[in-house]
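**Q** Just so you know, the sequences run in chain order B and E.
If you read the first sequence in the working numbering, its first letter stands for residue 1, the second for the next number, and so on.
If you read the second sequence in the working numbering, its first letter stands for residue 1, the second for the next number, and so on.
Note that the Cβ used here is the ideal one computed from N, Cα and C, for glycine as well.
Computed from a predicted model, the values in this text were never measured in an experiment.
Provided herewith is a single structure, encoded as structure tokens, for subsequent inquiry.
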Amino acid sequence: MRRVLTLYSTTIGKKVVMAVTGILLVGFVLGHMIGNLKLYLPAHDGMAAIDHYGEGLRSFGAPFLAHGQFLWIARSVLILAVGLHIWSAISLKVRSNAARPIAYKRVAYEDSTLASRTMIWGGVLLLAFIVFHLLHFTTGTITPGFDFEHGAVFANVTGGFSNVGVAIFYIVAMVALAMHLYHGVWSMLQTLGANHPRYNSWRKKLALAIAIIVAVANISFPVAVLTGLVG
Amino acid sequence: MKLKLHIWRQTSQDAPGAFADYELDDVSPDMSFLEMLDVLNERLILDEQEPVVFDNDCREGICGACGMVINGHPHGPQKLTTTCQLHMRKFRDGDELWIEPWRAKAFPVLRDLMVDRSALDRIIEVGGYVSVNTGGVPDANAIPIGKGVADLSMDAAACIGCGACVAACPNASASLFTAAKITHLGVLPQGEIERNTRVQEMVAQMDEEAFGHCTNHGECDAACPKGISVDFIARMNRDFVRGVTREPITR
Ligand code: HEM
Ligand code: FES
């Protein structure tokens, strides 16, 4: 434990925490995206494919776990990961803001990208998105233009995205997520010291591929509902 | 060629600084950047004004003393080149140049374009060495070292400690410098012995100085006059975790 705390007191340790929680979050984002793709599968047994999937998540781990328990375990881990990720991000950002009290008059960027320079702002937008997304589709607290029903995933998604404003917010958030991942995935590998001359040139390509796949798939859902492709 | 210069002037560490404007009319394209400033300074001295203070020593691109930010580029726009090796032919007649000191809390401006880089020296002091027992001079090549390892160490050892990486980094991080020094010693058999503790000492000191952290922008290796790669930073991160888990130190 002491070693973990020593590690966490250093800048590299905090980055390692961001990278490890980042792996969890990227894994979740990919899994979540694959699950959502069931929106496009045909209904069977009188229920939409994605509703079967939702029920599957709730009964996952039975009979060892009680109904819905797996979901709560996953949620706790994710909330903890997001919390640690944001805490480390803020404490590092405060530090680096103080590290250059007088700004340059002229700045000429070479290798940094818009994505790398907006990580914290993209992160803030993502946090706002995560909170809204949970209130929208998980708890059904904010439901502009549709009646939320627990477990009726297909109806909630098609209802939720029929509101153009909400759909646009989702699309903007997914562009921000793609940018966060484009820098984040490469940065994470660098932070964890995953480098080797043989595959170094693949690291940025991997980050770009993950960013594009996540953005295209996730943006397709609101677009499919708005264009009437699904619903 | 004619140039319009805006140069940061500051009389002491605590004094507020400001840009002063100068015009030069007959700059030769064959001059180095520092020679151009020498010409300006001669004129300022004849006019009984204070010359512009800047660090320099070898003027051969090997000592790491010189360095200023020219139009946003540490050491100017030419890749792999120190300020002293930058020539005026890289600029065009009529150019307007903004010349600023390295900007970082850890590098306080002493005067004009001269900054105090002893924070880097303090990082070296806590671990940038190998411990060798005194006695007779060891035989050359007594310890065989593979070509790959020797090359890696030499690539890292190319760092001249000028501080351009800190100047270029949006977070004013000294990670590239520290990583280069850690690698240069840590990969060799002589330095391997202290590898776990060295990395912890040097990273702790880097954190103690007012440098920012690394967010992997990659601005440092683009600005480095010696082409030190950010791959060394990944290596430092890995070494650091390894050091903390195997041989933790208390400081
Ligand atoms: C919820 C709000 C979020 C905030 C405020 C946030 C903030 C940040 C910031 C500021 C960085 C850069 C830190 C640095 O380089 O020092 C970062 C890196 C990263 N973020 Fe996030 N982020 C958030 C959500 C996410 C999500 C949802 C994911 C995954 C899908 C994610 C994945 C990553 C990864 C992989 C990194 C790279 C870690 C590294 O550089 O080692 N983040 N985040
Ligand atoms: S003066 Fe020595 S490197 Fe420029």
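1. By alpha-carbon positions, which one of E/A172, E/A204, E/I228, E/A140 ends up nearest to B/Y104?
2. Can you list, in chain order, the residues of its chain with a C-beta nearer than 6 angstroms to that of E/C272? Leave out the 5 residues immediately preceding and following it.
3. Report the rounded CA-to-CA distance for B/V94 versus B/S88, giving the unit in angstroms.
4. Considering only the alpha carbon of each residue, which of B/T143, B/R100, B/S91, B/H85 lies closest to B/L127?
5. Following the continuous beta strand (DSSP E) through E/I7, name the residue where it begins and the one where it ends.
6. Between E/G61 and the ligand FES, is there a pair consisting of the residue's CB and a ligand heavy atom that are separated by less than 6 angstroms?
7. Reducing DSSP to helix, strand and coil, say where B/W121 ends up.
8. Whose Cβ in chain B lies nearer than 8 angstroms to the Cβ of E/F211?
9. Given B/Y109, which residues of its chain have a CB within under 8 angstroms of its CB, disregarding the five upstream and five downstream residues?
10. Do you know offhand how far E/T183's Cα is from E/D121's?
11. Roughly how many angstroms lie between the CA atoms of B/V16 and E/H87, to the nearest whole one?
12. Suppose only complete runs of 4+ residues qualify. What are the alpha helix (DSSP H) ranges in the segment 150-228 of chain E, listed by chain order?
13. From E/P189 to E/E201, what does the alpha carbon distance come to, in whole angstroms?
14. With three or more beta-carbon pairs closer than 8 angstroms as the criterion, would you say the segment 173-188 of chain B touches the segment 51-60 of chain B?
15. Do E/M206 and E/A180 have their C-beta atoms within less than 7 angstroms of each other?
16. Does the beta carbon of E/N56 fall short of 6 angstroms from some heavy atom of the ligand FES?
17. Going by Cα to Cα distance, which pick from E/R235, E/D239, E/L3 is closest to E/R92?
18. Go through its chain and collect everything with a Cβ distance to E/M36's Cβ below 8 angstroms, but skip five positions before and after it.
19. Please work out which residues of its chain come closer than 8 angstroms, Cβ to Cβ, to B/A99, disregarding the five sequence neighbours upstream and downstream, and give them in chain order.
20. Per the contact definition of three or more C-beta pairs closer than 8 angstroms, is the segment 202-220 of chain B in contact with the segment 241-248 of chain E?
21. Any heavy atom of the ligand FES closer than 6 angstroms to the Cβ of E/A167?
22. Across which residues does DSSP place E/D95 in a beta bridge pair?
23. Could you have a look at E/F107 and say whether DSSP puts it in helix, strand or coil?
24. I need the straight-line Cα distance from B/P222 to E/S32, nearest angstrom please.
25. Under the assumption that E/I160 contacts E/G64 (Cβ atoms under 8 angstroms), give the Cβ distance between them as a whole number of angstroms.
26. What in chain B is Cβ-close to E/I233, meaning under 8 angstroms?
27. Report all residues from its chain with a CB closer than 6 angstroms to the CB of B/M188; omit the five preceding and five following residues, and keep chain order.
28. Let me know the secondary structure DSSP gives B/Y109 once reduced to three states.
29. Determine the contact status of E/T82 and E/P225, defining contact as a CB-CB distance below 7 angstroms.
30. What's the C-alpha gap between E/V230 and E/V52?
31. Determine whether the Cβ of E/D207 lies closer than 7 angstroms to any Cβ atom of chain B.
32. Is there a C-beta anywhere in chain E that falls below 7 angstroms from the one on B/V124?
33. Applying a beta-carbon distance threshold of less than 7 angstroms, which residues of chain B neighbour E/A222?
34. For chain E, check one thing: does any of its Cβ atoms lie closer than 7 angstroms to the Cβ of B/K105?
35. Using a C-beta to C-beta distance shorter than 8 angstroms, which residues of chain E count as neighbours of B/W186?
36. Compute the minimum distance between the beta carbon of E/C159 and the heavy atoms of the ligand FES, and state whether it is under 6 angstroms.
**A** Reading off the structure:
1. E/A172
2. Given that chain E is displayed from residue 1 to residue 251, the structure contains no residue 272 of chain E and the question cannot be resolved.
3. 10 angstroms
4. B/H85
5. 3-9
6. yes
7. helix
8. A99
9. R117
10. 17 angstroms
11. 42 angstroms
12. 164-168, 175-186, 189-192, 195-208, 219-223
13. 19 angstroms
14. no
15. no
16. yes
17. E/L3
18. L3, L24, V27, M88
19. none
20. no
21. no
22. E/L3
23. strand
24. 59 angstroms
25. 3 angstroms
26. Q190
27. A19, G22
28. coil
29. yes
30. 34 angstroms
31. yes
32. no
33. E110, D111
34. yes
35. N216
36. no
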